[in-house]
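To start, the structure itself, in structure tokens.
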Amino acid sequence: MLWIKAFHILFVISWFAGLFYLPRIYVNLAQTQDAGAYDCLLGMARRLYRFMMPLAILSLAFGLWLMLGYGIGMTSGWMHAKLLLVVLLVVYHLICGRMLATFERRANQRGHRYYRWFNEAPVILLALVLVLVVVKPF
């Protein structure tokens, strides 16, 4: 089971690297006036999002495997809270995909400050998940 845990942690870290960086690309996309730079950043965002999707799926799959393997049931309050936060992370990931589609259509209406704030959400969610997993307060 330790191998499963190691792979889960690896894929979560990798997924979060993308969740941290993709909105940062959106900040730059929202700021740039240069068409060439916009196309380059858009290509980076597309490739990163495509790369993030299997990482997210593998994170969730190995997490489920751990949950079933260790018998961590839904009687644990900290697990309820963690799963809620994981759902929020998946929603955040999907919102990133919708934002990418908006940039691809060149229909973005938001400024770079919005994306700077948007970029903070995964940091907060990660901190909360870490506290729940390590401390198990409930």
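Numbering (the working numbering), first residue to last: 566 to 703.
The beta carbon of each residue, even a glycine, is placed where N, CA and C say it ideally should be.
Source: prediction; values computed, not measured.
- In this structure, Gln598 lies away from His677, with their beta-carbon atoms at least 8 Å apart.
- Taking 8 Å as the cut-off, the Cβ atoms of Pro687 and Leu654 count as close.
- When secondary structure is reduced to three states using DSSP, Asn673 falls in the coil class, being assigned neither helix nor strand.
- Taking Arg589 as reference, the option from Leu606, Met644 and Ala602 with the minimal CA-CA separation is Leu606.
- In this structure, Leu665 is the residue among Leu665, Tyr679, Pro702 and Arg675 with its C-alpha nearest to the C-alpha of Ala610.
- Between the region 688 to 699 and the region 616 to 632 there are fewer than three inter-stretch CB-CB distances shorter than 8 Å, so the stretches are not counted as touching.
- By the Cβ test, the region 622 to 639 is in contact with the region 572 to 580, since at least three Cβ pairs between them sit closer than 8 Å.
- By the neighbour-count criterion, in which 16 or more other beta carbons inside 10 Å mark a residue as buried, Tyr591 falls on the buried side.
- Arg671 and Gly583 have their C-alpha atoms spaced approximately 22 Å apart.
- Exclusion of the five residues before and after Leu690 leaves Leu650, Leu653, Leu654 and Tyr657 as the residues of its chain whose Cβ lies within less than 8 Å of its Cβ.
- The straight-line gap separating the alpha-carbon atoms of Phe581 and Lys701 is approximately 21 Å.
- Going by DSSP, Gly583 is part of the alpha helix (DSSP H) stretching over Leu567 to Gln596.
- Phe627 counts as buried, since no fewer than 16 other beta carbons sit within 10 angstroms of its beta carbon.
- Here Tyr680 is buried: its Cβ has 16 or more other Cβ atoms, across all protein chains shown, within 10 Å.
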